[in-house]
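Note that the sequence shown covers residues 0 to 144 in numbering that gives the first Met the number 0.
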Amino acid sequence: MTDPLARRGLYRLIYASRAADPAAIDETLRAVVASSIQNNRIDDITGFLAAGEGRFLQVLEGPGQTVAQAYERIGADPRHDEIVLIADGPAERRLFSDWNMGQRRLAAEDASALSEVGLEHFTPAGLDEERAIRLLSLLGARHLR
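Set out below in structure tokens:
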């Protein structure tokens, strides 16, 4: 993560990971979201989690220190494997302020969102920050429907 002084204000972190047990991704998604909502309310963290094809893409936004602590918990969580940090740093405003932790389980209708960021399959670890935010924003808009 970046400079500890930068963690004092609003902070955004985006990571991708692989589910340790891809066959249980639906169960894992439910459990992760349930615990995230509870923890994130306490920690003033908002964000969005996308899951599909045995993989996760998540953005966390909030006070820098609590985002850093949440990411450390994720790194120690045995449900996540192959964690890749896509972006982290100060943020001017929250992009996902509507949810303590919104989520979307990718489905066939999400192929157009994947295509828009240059993906044929949900392989988020190769995304850069701009494309990751775009994909999460597109999926977040679908979550609201």
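Ideal Cβ placement from N, Cα and C applies to all residues, glycine included.
Because the structure is a prediction, the values reported are computed rather than measured.
Legend entry - Other residues of its chain near Leu137: CB distance less than 6 angstroms, five sequence neighbours each side excluded: Ala112
Inset, instruction - Using three-state DSSP, classify Leu134 as helix, strand or coil. - result: helix
Legend entry - Exposure label - Gly63; buried when at least 16 CB within 10 Å: buried
Inset, instruction - Pick helix, strand or coil for Trp48, following the three-state DSSP scheme. - result: It should be pointed out that residue 48 corresponds to Leu in this sequence rather than to Trp. DSSP places Leu48 in strand when its eight states are reduced to three.
Inset, instruction - Would you check if the region 73-92 and the region 12-24 touch, i.e. whether three or more CB-CB distances between them fall below 8 angstroms? - result: yes
Inset, instruction - Please check the pair Leu134 and Asp87, which I expect to be a contact at CB under 8 angstroms, by giving their CB distance rounded to whole angstroms. - result: Not a contact, Cβ separation roughly 17 angstroms.
Inset, instruction - Give a yes or no on contact between the region 89-102 and the region 113-130, applying the rule of three or more CB pairs nearer than 8 angstroms. - result: no
Inset, instruction - Return yes when the Cβ of Gln102 is within less than 8 angstroms of the Cβ of Leu48, no when it is not. - result: yes
Legend entry - Terminal residues of the beta strand (DSSP E) in which Ser16 lies: Leu9 to Ala18
Inset, instruction - Give a yes or no on whether the C-beta atoms belonging to Tyr10 and Ile82 are separated by under 8 angstroms. - result: Going by C-beta atoms, Tyr10 is not nearer than 8 angstroms to Ile82.
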